[in-house]
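Here the protein sequences line up with chains A and B, keeping their order.
Position one of the first sequence corresponds to residue 1 (this note's numbering), numbered consecutively onward.
Position one of the second sequence corresponds to residue 1 (this note's numbering), numbered consecutively onward.
Every residue gets a Cβ at the ideal spot worked out from N, C-alpha and C, and that includes glycine.
Quick notes on the structure that follows.
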Amino acid sequence: MTLMLNRRTFLQAGFTTATIGATGLPLEALPAEAKGWNWERGVCRFCGTGCGIRVASKEGRVVAVKGDIQNPVNRGLLCAKGYACAQILYGQDRLKRPLLRKKDGKFDKQGDFEEVSWQEAFDVMKAQWSKAHKALGPTGVAVMGSGQYTIQEGYAAVKLVKAGWRSNNLDPNARHCMASAVAAFMQTFGIDEPSGCFDDIELTDTVVTWGANMAEMHPMLWARVIDERLRRPTYRIFNLTTYANATSEGADVEIVFKPNTDLAIWNYLAREVVKRGAVDKDYVAKHCVFAAGPTDIGFGLREDSIKAYAAEKDTQARQKNVVLTRDEAIARGLDPAAKHERSQSASGSPQRHWLISFEEFQKGLEPYTLDFVAALAKGDPDEPLEAFKAKLVQLADQYANPVRKQVSFWTMGFNQHTRGTWVNEQAYMLHLLTGKQARPGAGAFSLTGQPSACGTAREVGTFAHRLPSDMNVDDAAHRKISEGIWNLPANTLNPKIGSHIVQMMRDLEDGKVKWLWVQVTNPFQSSANANHWIEAARKLDNFIVVSDVYPTLSSKVADLILPSAMIYEKWGGYGNAERRTQLWRQVVLPPGEARSDVWQMMEFSKRFTLSEVWGEQPVPGLEAEGYEKGKLPSVLSTAAALGYKPDSTLYDVLFATPAAKKFAWPDPVADRKPNSTVIHAGITWFPEKALFEEYRRFGLGHGHDLAPFDVYFKRDVSGLRWPVVDGKETLWRFNDQYDPYAKKGSGIDFYGKALKKLPSGTLEGPKPGDHVPLPGKAKIFFRPWQEPPESPDATYDLWLCTGRVLEHWHSGTMTRRVPQLHAAVPEALLFVHAKDAEKRGLKAGDLAWIESRRGKIQARVTLEGRTKVPRGMVYVPWFDEGVFINKITLDATCPISKETDFKKCAVRITKVV
Amino acid sequence: MSRLILPLILCAAPLLMAGPPAKPVPDRDLGLSRTSVFEVPAPPLFKDEASGPGEKALPKRINKEYPPVIPHSLADCVPITQGTNLCLDCHAVAGPKKKGEATRVPASHYVDLRHAPDKKGAKVVGSRYVCLSCHVPRTDAPPATGSSYRP
Chain A
1 MTLMLNRRTF LQAGFTTATI GATGLPLEAL PAEAKGWNWE RGVCRFCGTG CGIRVASKEG
61 RVVAVKGDIQ NPVNRGLLCA KGYACAQILY GQDRLKRPLL RKKDGKFDKQ GDFEEVSWQE
121 AFDVMKAQWS KAHKALGPTG VAVMGSGQYT IQEGYAAVKL VKAGWRSNNL DPNARHCMAS
181 AVAAFMQTFG IDEPSGCFDD IELTDTVVTW GANMAEMHPM LWARVIDERL RRPTYRIFNL
241 TTYANATSEG ADVEIVFKPN TDLAIWNYLA REVVKRGAVD KDYVAKHCVF AAGPTDIGFG
301 LREDSIKAYA AEKDTQARQK NVVLTRDEAI ARGLDPAAKH ERSQSASGSP QRHWLISFEE
361 FQKGLEPYTL DFVAALAKGD PDEPLEAFKA KLVQLADQYA NPVRKQVSFW TMGFNQHTRG
421 TWVNEQAYML HLLTGKQARP GAGAFSLTGQ PSACGTAREV GTFAHRLPSD MNVDDAAHRK
481 ISEGIWNLPA NTLNPKIGSH IVQMMRDLED GKVKWLWVQV TNPFQSSANA NHWIEAARKL
541 DNFIVVSDVY PTLSSKVADL ILPSAMIYEK WGGYGNAERR TQLWRQVVLP PGEARSDVWQ
601 MMEFSKRFTL SEVWGEQPVP GLEAEGYEKG KLPSVLSTAA ALGYKPDSTL YDVLFATPAA
661 KKFAWPDPVA DRKPNSTVIH AGITWFPEKA LFEEYRRFGL GHGHDLAPFD VYFKRDVSGL
721 RWPVVDGKET LWRFNDQYDP YAKKGSGIDF YGKALKKLPS GTLEGPKPGD HVPLPGKAKI
781 FFRPWQEPPE SPDATYDLWL CTGRVLEHWH SGTMTRRVPQ LHAAVPEALL FVHAKDAEKR
841 GLKAGDLAWI ESRRGKIQAR VTLEGRTKVP RGMVYVPWFD EGVFINKITL DATCPISKET
901 DFKKCAVRIT KVV
Chain B
1 MSRLILPLIL CAAPLLMAGP PAKPVPDRDL GLSRTSVFEV PAPPLFKDEA SGPGEKALPK
61 RINKEYPPVI PHSLADCVPI TQGTNLCLDC HAVAGPKKKG EATRVPASHY VDLRHAPDKK
121 GAKVVGSRYV CLSCHVPRTD APPATGSSYR P
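Dropping the structure here:
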């Protein structure tokens, strides 16, 4: 308190000085009341909150944006990035013409970038596609997509790649963002996406953020949390994190835990709930079953890669064989004095699971006592153990209290985790045990980092294993439904799951993918262990296309760069983290020759005839009922029966279909706004509406219902949370009072259908016997804590955690071109604890080497600021291509979700001399 | 003009307007870091704004909707916690602004748009309590690239 008074006094003093200093300086007047500004409704370009925006344009340019007061997500407010949505369009180096590496007038991988026409760009792109396809078949080509794809772009990509090229090598950067959340939703509920909605913030009693620095990453949700905390004295905020951050500043209780021990904390909490008799027995008996899965599932690393650096080999060896630490032995109920060795496999079936009894579940939890977990999990070596223990007990008090409601939010701290799927499932474990799931104000709630990670990557299904509306390529019934809606011959779709985005990078290095199109993402900056992938891109025989709005790090390693239209320069739609679908109109025209991604895909599809792609194709490893091993059959003769000709193009078959052409342009819903896709394609139909309406058909009638396109543009609609049935959105899924799909009278009905027939067994494994159907049930998983693949040791003695900052979004390609955001945070700093810095002779502002088994880079040291790391850990944000931290990070993934763990690896830091 | 002709003309327009092709660009010259992807650059040193409140002229507003950038040092103003918000001590002062006083929090910040959108309250509303969500600090870093944005 004294400190505060002192600060205040100091400020008052400063204030007096200010009076003198400021004399005669007129306040910079606000720009005059804007004349001729036309306001149109839009959505923020950045995170998964999905703030409603009003976009002002004047004379063909976006001049400003403001928060949409009507939109319940953000009620008129935006964060510092959101307010910059106008400026992000106008960086000086916007890409305006295609750029191709050339030497002596033709494409050359070693050439410099020269401006070319779209015609030439597509000619070379197609020739290179055919070269790769001829050599390797459909698996030799790949598309890296995005959670920033509009719904229509993602849907067009799925059709082009999966239906057109018969390849499942389409995977989004969202793999790095929330694949673990998806896997856990499917395993727990049998259907993807949160049961709750943002209204839970105002309805709950306690918000718990787990690996979610909401104050910086979702500032407008944080505004709602803080608002509620200030108006309601009994409201509580707990922040669980591996370092003190901006969210800690607003929290009531901050719990700093050691990386990876979140799994142990959940098990302690569950053990407490059971011990205290706080299990909601009725809820569990009616709506839940208990489940377990295999334990030694590896770390998603490559085994025996010939390209591995010598220093990487010890971490990769743990992939195959682990010797349990003392703590791991205790956690498994084994003798800690004995040696326990376990062989692991990355290629097993980590997703397998089976039913267990409540007694088995309880047995799994038994080792996770307060004493054991507190000693294991305490993350700040300078915090007394008793203080840490007391906070764990306080947290248990919250969850175990039957009267208080909780919402547990998480983001990348959980998802980017070698046990990401498990730790997501543990959140549901506790909420289901206590009956605090799918009820207003109560639920475990996964947040997303990208504006349409939900709406596009997940719902449209731009993952290597997915089809629209939670369907999968390796499910014959799902393929049949998709082939029906797309009017494709039977067996056109490829039943073999494609490469996920991490695997695509590995495939590139191994020469298994030789043609890659990157859309709306910057994967060569955002993928861990990046030295491998930039080397593969530049030094091997392959062809890389990057469509983007600015030159990015990925475009530096590309062979062809295509200029894209940006958010308000095209028609689009996003789906946010609470299942809210929001569509927008195009406001202004894209600059130069920049084109919408929908146009790019449609135009490129004109260069493929059916005879080229729908004949027999080799697919190594393909094994599926009704298919010859390793082959996709020719479907050309059945295509003829559908009225297609061998020289029909993919454009005719996939995009300009008779049904699509019925959506005429101009359309009254356009309200006189332009459509550049229509203009550039020279057509008289409305591709974005046609794509959306066709996509909608996938979700109708089974809990994924979207409203018709035009409804989202009604004045009184600010997006709608699906399922939208009879024009009504759904706030709480699975709850019969709110969700029309939940059986009336059930109270709660976990009606998701996937993975709902299981064998029974013990923690050790399933037993032979019948598979039990589980209609209406959710699964409470027991998941053990384990050591991560790499921890600090004598050589690499510090943990490295990476993440974002409030002012920059992802790889910074938009926000770093906004002058005031760049000036606020001009570069990625290395956050170090003062004592760790001192030990290494480092002061604030010094240049330091950061080095891991995988590479080394330089960064400037900071000892203070909003990120306060405990001793033993350093933090570096990843937005800055000049501080290329992903050259350092480890490409270990959750073996189930294949999502990379960017939150922990071992590094050393030294002073640059 | 028929529906078909207009799009065709608009389609051709950018091609007609495009200037002569630019010189070949090596990849190192693209993007915000003018280095090869294989190089390890030494990042420059930037300094946080060090001036006290009122010592420097207010920077120009970006547009009438963009929250003003914080012109002074934050060193003595943060953290903002549930109990302490030193920004408000100076900026949320009642009565008309006198010469030399801090910029007043505008009336908009007293309206609770979620719960009571029609009336102005006595306190800055909770949803606007974390000033740094919208108002950014500054350093001495020059822009990373030019901008053709104008309000």
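Next on the checklist: Any beta carbon of chain A sitting closer than 8 Å to that of A22/B?
Outcome noted: Here residue 22/B refers to the residue found at position 22 when the second sequence is read from its first residue. Yes - at least one Cβ of chain A is within 8 Å of the one on A22/B.
Checklist entry - Rounded to whole angstroms, how far is the Cβ of V545/A from the Cβ of A558/A, which I believe are closer than 8 Å? => result Taking the first residue of the first sequence as 1, we reach residue 545/A at position 545. Taking the first residue of the first sequence as 1, we reach residue 558/A at position 558. Sure, about 6 Å apart at Cβ, within 8 Å.
Next on the checklist: Please report whether the beta-carbon of R104/B lies at a distance below 8 Å from any beta-carbon of chain A.
Outcome noted: Within the second sequence, residue 104/B is the residue found at index 104, counting from 1. Cβ-Cβ to chain A under 8 Å: no for R104/B.
Checklist entry - Are I191/A and D474/A closer than 8 Å when you measure CB to CB? => result Reading the first sequence from its first residue, position 191 is the one you call residue 191/A. Reading the first sequence from its first residue, position 474 is the one you call residue 474/A. Remark: C-beta atoms of I191/A and D474/A do not approach each other more closely than 8 Å.
Item to check | 9 Å Cβ cut-off: residues of chain C touching Q858/A | outcome: As a matter of chain content, chain C is missing from the structure shown, whose protein chains are A and B.
Next on the checklist: Is it buried or exposed, N321/A, if we count other Cβ atoms within 10 angstroms and call 16 or more buried?
Outcome noted: Locating residue 321/A in the first sequence gives position 321, where the first residue counts as 1. When all chains shown are included, N321/A counts as exposed.
Checklist entry - Which value, in whole angstroms, describes the spacing of the CA atoms of T188/A and W665/A? => result Residue numbering aside, residue 188/A sits at position 188 when the first sequence is read from its first letter. Residue numbering aside, residue 665/A sits at position 665 when the first sequence is read from its first letter. The alpha-carbon atoms of T188/A and W665/A are separated by roughly 44 Å.
Next on the checklist: Taking CB distances under 8 Å as the criterion, tell me whether C131/B reaches chain A.
Outcome noted: Within the second sequence, residue 131/B is the residue found at index 131, counting from 1. With its beta carbon at least 8 Å from every one in chain A, C131/B lies outside the interface.
Checklist entry - Which residue spans inside the stretch 627-700 of chain A form an unbroken alpha helix (DSSP H) run of at least 4? => result Counting whole runs of 4 or more residues, the stretch 627-700 of chain A contains the alpha helix (DSSP H) stretches 636-641, 658-661, 676-681, 687-699.
Item to check | 8 Å Cβ cutoff met for L430/A and W210/A | outcome: Along the first sequence, read from residue 1 onward, the residue named residue 430/A stands at position 430. Along the first sequence, read from residue 1 onward, the residue named residue 210/A stands at position 210. With respect to W210/A, L430/A sits apart: the two C-beta atoms are not nearer than 8 Å.
Item to check | Proximal chain A residues relative to P79/B, where beta-carbon distance stays under 7 Å | outcome: The residue labelled residue 79/B in the question sits at position 79 within the second sequence. Listed along the chain, the chain A residues whose CB falls inside 7 Å of the CB of P79/B are E249.
Next on the checklist: Under 7 Å, CB to CB, which of the residues in the stretch 79-93 of chain B have a partner in chain A?
Outcome noted: With the criterion set as a beta carbon lying under 7 Å from some beta carbon of chain A, the members of the stretch 79-93 of chain B are P79, I80, T81, Q82, T84, L86, D89, C90, in sequence order.
Next on the checklist: Just to confirm before moving on: does the CB-CB distance between A438/A and S195/A stay below 8 Å?
Outcome noted: Position 438 of the first sequence, counted from the start, is the residue given in the question as residue 438/A. Position 195 of the first sequence, counted from the start, is the residue given in the question as residue 195/A. Going by beta carbons, A438/A and S195/A fall inside the 8 Å limit.
Next on the checklist: What does the alpha-carbon distance come out to for the pair T448/A and G91/A?
Outcome noted: To locate residue 448/A, count along the first sequence from 1; it is residue 448. To locate residue 91/A, count along the first sequence from 1; it is residue 91. The alpha-carbon atoms of T448/A and G91/A are separated by roughly 27 Å.
Next on the checklist: Taking the alpha carbon of A338/A as the reference point, which residue from I330/A, Q344/A, S345/A has its own alpha carbon closest?
Outcome noted: Looking up residue 338/A in the first sequence gives position 338. That would be I330/A, whose Cα lies nearest to the Cα of A338/A.
Item to check | chain B contacts from the stretch 199-221 of chain A (Cβ-Cβ distance under 7 Å) | outcome: Taking 7 Å as the Cβ-Cβ cut-off, the stretch 199-221 of chain A approaches chain B at A215, P219, given in chain order.
Item to check | Residues near Y428/A by beta carbon distance below 6 Å, same chain, minus five either side | outcome: Walking along the first sequence from the start, residue 428/A turns up at place 428. Cβ within range, chain order: T188, A444.
Item to check | Any chain A beta carbon closer than 8 Å to A144/B | outcome: As a working note, residue 144/B is residue 144 in the second sequence. Chain A, which has a Cβ nearer than 8 Å to the Cβ of A144/B, makes this yes.
Item to check | Spatial distance of M566/A from A457/A (CA atoms) | outcome: As a position in the first sequence, residue 566/A is number 566, starting the count at 1. As a position in the first sequence, residue 457/A is number 457, starting the count at 1. Near 18 Å, if we compare the C-alpha coordinates of A457/A and M566/A.
Next on the checklist: Here's the rule I'm using: 16 or more other beta-carbon atoms within 10 Å means buried, otherwise exposed. How should A132/A be labelled?
Outcome noted: One-based indexing of the first sequence puts residue 132/A at position 132. Buried: at least 16 other Cβ atoms inside 10 Å.
Item to check | One or two residues paired with M471/A in a DSSP bridge | outcome: As a first step, residue 471/A must be located in the first sequence, where it is residue number 471. Bridge pairing for M471/A: L467/A [DSSP].
Next on the checklist: Please report the distance separating the alpha-carbon of V289/A from that of P350/A.
Outcome noted: Sequence index remark: in the first sequence, residue 289/A carries index 289 (1-based). Sequence index remark: in the first sequence, residue 350/A carries index 350 (1-based). The straight-line gap from Cα to Cα measures roughly 20 Å.
Checklist entry - DSSP state of M873/A, grouped into three classes? => result Looking up residue 873/A in the first sequence gives position 873. Here DSSP, grouped into helix, strand and coil, assigns M873/A to strand.
Next on the checklist: Can you pull out the residues from the stretch 55-73 of chain A whose beta carbon lies closer than 7 Å to at least one beta carbon of chain B?
Outcome noted: Here the close residues are V63, A64, V65, K66, I69.
Checklist entry - For the stretch 661-692 of chain A, which residues have a CB atom closer than 7 Å to at least one CB atom of chain B, in sequence order? => result Taking 7 Å as the upper bound on Cβ-Cβ separation, chain B lies near residues V678, I679, H680, G682, T684 of the stretch 661-692 of chain A.
Next on the checklist: One question on the structure: do N494/A and P138/A come within less than 8 Å of each other, judged by their Cβ atoms?
Outcome noted: Here residue 494/A refers to the residue found at position 494 of the first sequence. Here residue 138/A refers to the residue found at position 138 of the first sequence. Contact annotation: N494/A and P138/A have beta-carbon atoms nearer than 8 Å.
Checklist entry - Does DSSP put P311/A in a helix, a strand or coil? => result What you label residue 311/A is simply residue 311 of the first sequence in a count that begins at 1. Looking at the sequence provided, one finds Ala at residue 311/A rather than Pro. Of the three classes helix, strand and coil, the one that applies to A311/A here is helix, per DSSP.
Checklist entry - V883/A and A859/A look like a contact to me (Cβ under 8 Å); what is the Cβ gap, rounded to whole Å? => result If you number the first sequence from 1, residue 883/A lands on position 883. If you number the first sequence from 1, residue 859/A lands on position 859. So it is a contact: roughly 5 Å between Cβ atoms.
Checklist entry - Is it the case that the CB of G572/A approaches a heavy atom of the ligand ATP more closely than 7 Å? => result This structure does not include the ligand ATP; it has no bound ligands of any sort.
Item to check | Test: P151/B CB closer than 8 Å to a CB of chain A | outcome: Your numbering for residue 151/B matches position 151 in the second sequence. By this cut-off, P151/B is an interface position.
Checklist entry - Interface residues of chain B around K556/A at Cβ under 7 Å? => result Residue mapping note: residue 556/A aligns to position 556 of the first sequence, counting from 1. Per Cβ cutoff of 7 Å: D27, L30, G31, V37.
Checklist entry - What span of residues does the beta strand (DSSP E) with N38/A cover, start to end? => result Taking the first sequence and counting its residues from 1, the one referred to as residue 38/A is at position 38. Per DSSP, the unbroken beta strand (DSSP E) holding N38/A starts and ends at 38-43.
Checklist entry - Could you give the distance in angstroms between the alpha-carbon of G24/A and the alpha-carbon of P59/B? => result The residue given as residue 24/A occupies position 24 in the first sequence. The residue given as residue 59/B occupies position 59 in the second sequence. Residue confidence for G24/A is low, a pLDDT of 29 falling below 50, so the modelled location carries little weight; the figure read from the coordinates is stated next. Here the alpha carbons of P59/B and G24/A stand approximately 15 Å from one another.
Checklist entry - Since E881/A meets chain B, which of its residues come closer than 7 Å, beta carbon to beta carbon? => result Position 881 of the first sequence holds residue 881/A. Among the residues of chain B, those whose CB is under 7 Å from the CB of E881/A are G31, L32, S33, following chain order.
Checklist entry - If you draw a straight line from the C-alpha of T815/A to the C-alpha of T49/A, how long is it? => result Along the first sequence, one-based indexing puts residue 815/A at 815. Along the first sequence, one-based indexing puts residue 49/A at 49. Roughly 17 Å separates the two Cα atoms.
Checklist entry - Would you call T795/A buried or exposed, if buried means 16 or more other Cβ atoms sit within 10 Å of its Cβ? => result On the first sequence, position 795 is the one that residue 795/A refers to. Looking at its Cβ environment, which holds fewer than 16 other Cβ atoms inside 10 Å, T795/A is exposed.
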